[in-house]
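Comments concern the structure below.
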Amino acid sequence: MGYETIQVMDSNGVRTITLNRPDDMNAANDKLTGELAKELRGVVKDKSIRCIVLTGAGKAFVSDRT
């Protein structure tokens, strides 16, 4: 699944979801929150995933500016 604002990687049962808007300090907007919600709904159905790591690209995890 291709996303514009998040990146997803799996390794040994661990899914890493990276918020990928580093130029905007990963500011949460409608696109990012929608993609994140869609991905998390899919993770719930994937029995091979044992752990989720949520991280941010660049200097900030997430900011509240849009």
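Note that the numbering used here has the sequence shown beginning at 61, numbered continuously upward.
C-beta atoms are modelled at their ideal positions from N, C-alpha and C, and glycine is treated no differently.
Item	Value
Pair within 7 Å by beta-carbon distance, Gly73 and Arg110	yes
Bridge-paired residues (DSSP) for Met69	Thr76
Close Cβ partners of Met85 (< 6 Å) along its chain, the five nearest in sequence each way excluded	Ala120 and Ser123
Neighbourhood of Met69 by C-beta, 7 Å cutoff - its chain only, sequence neighbours within 5 removed	Thr76
Sequence-distant residues of its chain with Cβ nearer than 7 Å to Asn80 (five each side left out)	Thr65, Ile66, Gln67 and Ala117
Collapsed DSSP secondary structure at Ala120 in the structure displayed	coil
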